[in-house]
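Written below as structure tokens is the structure these notes are about.
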Amino acid sequence: MPSAMRGALVQCVSAVPDGPLDVTWLAVETPRLPLGRIRLHWEPASLGGWDVTAHLGLATTEVHLASWPAAPDDWPRLVRPTLHEVLGLCAALAVATAALDLSNRLAHV
2 MPSAMRGALV QCVSAVPDGP LDVTWLAVET PRLPLGRIRL HWEPASLGGW
52 DVTAHLGLAT TEVHLASWPA APDDWPRLVR PTLHEVLGLC AALAVATAAL
102 DLSNRLAHV
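Numbers in my numbering are just positions in the sequence shown, counted from 1, shifted up by 1.
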């Protein structure tokens, strides 16, 4: 990971088991994550492999989502299922929230 970067913003996660993770670099000065977005950070592990962490953007903060210490070189394959599930859950929650907001507005009409 380039030294001026704080991590990578996950743009898309393939549903295919060996599918790609599409990411874009996040500069160190980037503000906190938007709601429902995931940031990955990785660095070489002391005994080999990679220490990988994922953070999730919530409404008012970022939270630690998961860690994969000493992950093998093909770590994107290892983390992909977790990222896919979390992004799907975030999308479902966004739809449910929008439906509730619409229902509440219609109730007051």
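For each residue, glycine too, the CB sits at the ideal point set by N, CA and C.
Buried or exposed for residue 29, going by 16 or more other Cβ atoms inside 10 Å?
exposed
Span of the alpha helix (DSSP H), counted from its first residue to its last, around residue 36:
Unbroken run through residue 36: none, as it is neither H nor E.
With a threshold of 16 other CB atoms inside 10 Å of the CB of residue 85, please say whether the residue is buried or exposed.
buried
For the alpha helix (DSSP H) containing residue 80, list its first residue and its last residue.
76–108
Cβ-based burial, residue 49 [other Cβ within 10 Å; buried from 16]
exposed
What is the DSSP secondary structure of residue 17, counted as helix, strand or coil?
coil
From the DSSP output, read off the bridge partner residues of residue 2.
None, per the DSSP bridge assignment.
Going by Cα to Cα distance, which pick from 22, 108, 34 and 5 is closest to residue 65?
34
Assign residue 68 to one of three DSSP states: helix, strand, or coil.
strand
Three-state secondary structure (DSSP) at residue 30?
coil
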